[in-house]
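Only one structure is covered here, and it is reproduced in the block below.
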Amino acid sequence: MTALAELTRIYTDRAAAARGGPVYGYVGADVPVEQLTAAGVLPVRLWGDPAGDTAPGDRYLGKGLDPVARSVLTRLLAGAYGTLDRVVVSRDCEASLRLFYALRELRRVEPELDLPEPYLVDVLHLPHRTTTRYVRARLEQFRDRLHDWTGTTADLPGAIARHDEQRRLLAEAAELRRAVPARLTGTEFLAVAGAGTVLPVTEHLDLLRRLLAEAADLPEHTGRRIFLTGSGHDTPEVYRALEGAGHLVVGEDHDWGDLLHLRQVGTGTLTALAERYQHNGPTAQRATTRARAAHTAAAARACRAEALVGYARRGDEAPPWDFPAQRAALPELPAALLERQEYGRIDLEGIR
Amino acid sequence: MRTRSLASAAAAGRYQREWFAGLRERVAAGEPLALVNADVPQEIFRAMDIPYVVSQWWASLVAAKQRSAHYLELVRERGYPDYTEQYNSLTLGAAFDPEPENGPWGGLPAPSLVVADATGDVTRKIFDLWGERPGTTFYALESAAENEVPVNWWDLMPHRWEEAVGTARLDLLTAELENLIRFLETTTGRVFSETRFREVMALVNEQEEWNRRARDLIARTRPVPLDVSEGIPAVMVPQWHRGTEWGRDAARSFYEEVRDRVAAGEAACPGERARLMWIGRGLWYDMDFYQRFQDEYGAVFVWSMYLAVAADGYLRYGGDPLRALAARFAAFGDQLYTPPWSAEWYVKEARLHGVDGVVHLVSDDPRGSYFTTRALETAGIPVIEIEADNVDARGYDPDSVATSIGTWLTETVLPRTR
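Order-wise, the sequence lines are chains L and X.
By the count of this note's numbering, the first sequence reaches residue 352 at its end, each step adding exactly one.
By the count of this note's numbering, the second sequence reaches residue 770 at its end, each step adding exactly one.
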């Protein structure tokens, strides 16, 4: 089996891959997975299911919230991720924070639901020293809490080095999709990156190295090269629909894709880790419209995109605020914004 | 005996108009103007005598004038969504108005400073857009969260706020406020006086203590001497002026008027049969709503968060005054919207006021609403949820809402009060 096939198989059945203990589920790319790896636990990023029932999640979180969070809560209630020892939640978006609050309160008032213990890592993002100090203090608390839970003495520099290598190799894989013609589709890249959110980092590194070694044998892909901005995509349905309609997603600015590998830690210290996560992004939910526009324009050009597609999921309120500036920053590209899209679906009529 | 209109509310309304006219004159004369979010520590601006307008207050005014759709259309025309966080985007619409002088009360002057905390996913973006306007600078504050919190914040906040809020959040906001003061000194040329700041902080505590007395008196008086639509302006206009002698005295006048009504046996709803609680932001475009159920059902709204959070949410004593100010705002929203704080507080307040039923406004932004409703129902208090946005009247059907509440009163609430 080729490395791409193996990565795709793992991504397609992420629940099966997320085995072996202890397993900590995590929500959002602002969770410093390096600390989890260093503590000897397997970090498994939680994802939703657009085709699944969200009624339990809707009940606790309300229907106005991003359906990804509602689906994740539904799946946690159903035990769909297997045995999770704990759930670590970040502030990557408002929906994640509400999910944390719901988990915390449900543990208090409805303990019979037997939900895993949640923990919030409150990484904030304003580009100021005051925020750096705060994030570092929060990571110190998280480090101490992990020590209490696992009893292990963490090898943080080693874990940072491995995750930095993972990001470096993912960036190389991203180049395969940016190439003309592309050697990876957007759907395939989503799987290459997504497999790494459930595998031990060393196993993902092995597969990434094999993928890059096999790159010359990968088929060429053509299609209308689009840069996808807006909501994150924790599942592949929207990418599949786009690419099934003749588009090729050559880049994106969400953290299930290219934003996952954008920034390295560099130094094996807690302060460097705090700075990496403080400046993580720029995601739609946490960055300024100006930062988003600058990033999107540069990334779309680097991808040699032929069109800009904005995708805003119903309940994910931030992306539509970015789009006017993003469109203005890329005057040479046709651009369209698809607002209030249903989870896992896309109205392709809007970009014909 | 049915009550007369509240003199303190009328006086607050007159004061607010005069104040706003004066503010427009000051800005026209070249003074700075700050537009701030409600959760921004306004006491710093007060101490430095920098005029400010609270974004949500302006939005409530626009909604009350039935102008929401106009301003949201201006937001939409520029390519931005008109369906998210209307409480802040509505005020942004004022910035896009080609005829700003046609706005309420002569229109909102262009601010030179905007200050907001980075709550949610959209607030910072909206204020960013303000900051991109010529002559306007945006200063952002973080919005931080805590893992574990003691439930009984209302007991702890006045004196043990460090324990309630947590050191990490207080360290952060205190440092941000130190920087904000330097920023304001540099950009406005105004001086921050520690002595003046302490006076402002003391005045705020005095004002909220008067509100606390009024809340306690209303809670224990049957029939209730005033309904929430009377009380909200008498509380909130002074709240936007907290830290002034006028604000403190207005809160005292409000208390004294309530006390006199109680002494005279006056009632908002003389045939009071059911005491209702309104959970959620004020329904600014339909304030008559709050009196709609009195004549037919004997049901009167005795509680809204505006007086209650003034009574419980602002008092901060002791310690370094800037850290105490940080403690007022580092977790302000949690008091109202984050369980367990919010849910347990609403139950505490419902019991204090002898509430028979709760009308719970649930918008598209349902912050902790399940847990609020659950806690109240677990405490044996009936709850009806209504779905609406508090400033965006599009899609609001007053008759349908009134019918639902009438049915609920008849079938669920009133039979329990006999």
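Virtual Cβ for every residue (Gly too), placed ideally from N, Cα, C.
Residues of chain X with a CB under 7 Å from the CB of residue i: which are they?
i	result
D122(L)	A496 and A497
E105(L)	P691, P692 and F723
Taking all protein chains shown into account, do 16 or more other C-beta atoms lie within 10 angstroms of the C-beta of residue i, making it buried, or fewer, making it exposed?
i	result
P450(X)	exposed
E453(X)	exposed
A78(L)	exposed
L113(L)	exposed
H125(L)	buried
R550(X)	exposed
V406(X)	buried
A381(X)	exposed
M400(X)	buried
E372(L)	No information on residue 372(L) is available, as it lies outside the stretch 1 to 352 that chain L covers here.
D418(X)	Rather than Asp, the amino acid found at residue 418(X) in this sequence is Gln. That one is exposed.
V707(X)	buried
Using the beta-carbon of each residue, which ones in chain L are nearer than 7 Å to residue i?
i	result
T436(X)	E317
G720(X)	Y101
Identify, in the order they occur along the chain, each residue of the same chain with its Cβ nearer than 6 Å to the Cβ of residue i, setting aside the five sequence neighbours on each side.
i	result
A651(X)	A626, L628, F645 and L761
W513(X)	R668 and A679
L169(L)	L208
G194(L)	Y11
L493(X)	D469 and E528
R286(L)	H125
M639(X)	S581
Chain X partners of residue i, CB-CB under 8 Å?
i	result
P320(L)	Y432, P433 and T436
A137(L)	A520 and D523
Q285(L)	D473
C303(L)	Within chain X, no residue comes near C303(L); the closest Cβ sits about 24 Å away, beyond 8 Å.
R91(L)	A497
T131(L)	E494 and L524
L184(L)	Chain X residues near L184(L): none, gap ~30 Å exceeds 8 Å.
Give the interface partners of residue i over in chain X, defined as CB-CB distance under 9 Å, in chain order.
i	result
V109(L)	P691, P692, A695, F723, R726, A727 and T730
G223(L)	Within 9 Å Cβ-Cβ: nothing; G223(L) doesn't reach chain X, min ~28 Å.
P324(L)	R430, G431 and Y432
E339(L)	P433 and Y435
Y119(L)	N499
L126(L)	A470, R476, A492, L493, E494 and E528
Y134(L)	E494, A496, A520, R521, D523, L524 and A527
Apart from the five residues just before and just after residue i, which ones in its own chain have a Cβ nearer than 7 Å to its Cβ?
i	result
L529(X)	P393, I396, L674, L677 and A678
P461(X)	R376, V379 and L385
F490(X)	V466, F479, D480, W482 and G483
A754(X)	R644
Y239(L)	G186, T187, L190, H233 and V249
T340(X)	Because chain X is modelled from 353 through 770, residue 340(X) falls outside the range shown and cannot be assessed.
G487(X)	A462 and S464
A215(L)	L176 and R183
D316(L)	D66 and S231
What residues of chain L sit near residue i, judged by a beta carbon separation below 8 Å?
i	result
V714(X)	G62
At a threshold of 7 Å, does residue i count as lining the ligand HEM (C-beta to nearest heavy atom)?
i	result
A496(X)	Annotation note on the ligand HEM: not contained in the displayed structure, which lists no ligands.
Can you name, in chain order, every residue of its own chain whose Cβ lies under 8 Å from the Cβ of residue i, other than the five neighbours on each side?
i	result
R224(L)	G246, H247, L248, E306 and A307
T132(L)	T271, A274, E275 and Q278
P219(L)	R183
A161(L)	G268
V503(X)	P692, W693 and E696
List, in order along the chain, the chain L residues whose C-beta lies closer than 9 Å to that of residue i?
i	result
D480(X)	T288, T289, R290 and W321
**Asked** What runs of the alpha helix (DSSP H), each 4 residues or longer, lie entirely inside the region 367 to 421 of chain X?
**Response** 395 to 400 and 407 to 416
**Item:** Those runs of the beta strand (DSSP E) which lie wholly inside the region 610 to 692 of chain X and span at least 3 residues
**Value:** Whole beta strand (DSSP E) segments, 3+ residues: 626 to 631 and 651 to 655.
**Message:** I'd like to know if the region 251 to 262 of chain L and the region 117 to 131 of chain L are in contact, where contact means that at least 3 CB-CB pairs between them fall below 8 Å.
**Reply:** no
**Item:** Three CB pairs or more closer than 8 Å across the region 194 to 214 of chain L and the region 5 to 16 of chain L
**Value:** Yes: at least three Cβ pairs fall under 8 Å.
**Asked** Is there contact here, the region 580 to 595 of chain X with the region 653 to 667 of chain X, by at least three beta-carbon pairs under 8 Å?
**Response** Touching, yes, given that three or more Cβ pairs across the two stretches are closer than 8 Å.
**Request:** Compile a chain-ordered list of the residues in the region 527 to 547 of chain X whose CB is closer than 7 Å to at least one CB of chain A.
**Result:** No chain A appears in the structure shown, which is made up of the protein chains L and X.
**Request:** Quick one: which unbroken beta strand (DSSP E) runs of 3-plus residues sit fully inside the region 307 to 331 of chain L? Chain order, please.
**Result:** 307 to 313
**Request:** Kindly confirm or deny that the region 406 to 416 of chain X and the region 436 to 446 of chain X touch, where touching means at least three C-beta pairs closer than 8 Å.
**Result:** yes
**Request:** Determine, using beta-carbon pairs with one atom in the region 332 to 346 of chain L and one in the region 289 to 308 of chain L, whether at least three such pairs fall under 8 Å.
**Result:** yes
**Message:** So, does the region 67 to 78 of chain L touch the region 50 to 58 of chain L, judging by three or more C-beta pairs under 8 Å?
**Reply:** yes
**Asked** Quick one: complete alpha helix (DSSP H) runs, 4+ long, within the region 439 to 527 of chain X?
**Response** 475 to 483, 505 to 508 and 513 to 517
**Request:** Only counting runs of 4 or more residues, tell me where the alpha helix (DSSP H) segments fall wholly within the region 83 to 111 of chain L, in order along the chain.
**Result:** 94 to 109
**Message:** Quick test of the definition: if touching needs 3 or more C-beta pairs under 8 Å, does the region 223 to 241 of chain L touch the region 310 to 327 of chain L?
**Reply:** Short answer: they touch.
**Prompt:** Is the region 687 to 706 of chain X touching the region 530 to 543 of chain X in the sense that three or more CB pairs, one from each, lie closer than 8 Å?
**Reply:** no
**Request:** Counting only runs of 4+ residues fully inside the region 565 to 612 of chain X, write out the alpha helix (DSSP H) ranges in chain order.
**Result:** List check, alpha helix (DSSP H) in window: 580 to 592.
**Asked** Does the region 606 to 625 of chain X come close enough to the region 567 to 576 of chain X that 3 or more CB-CB pairs lie under 8 Å?
**Response** yes
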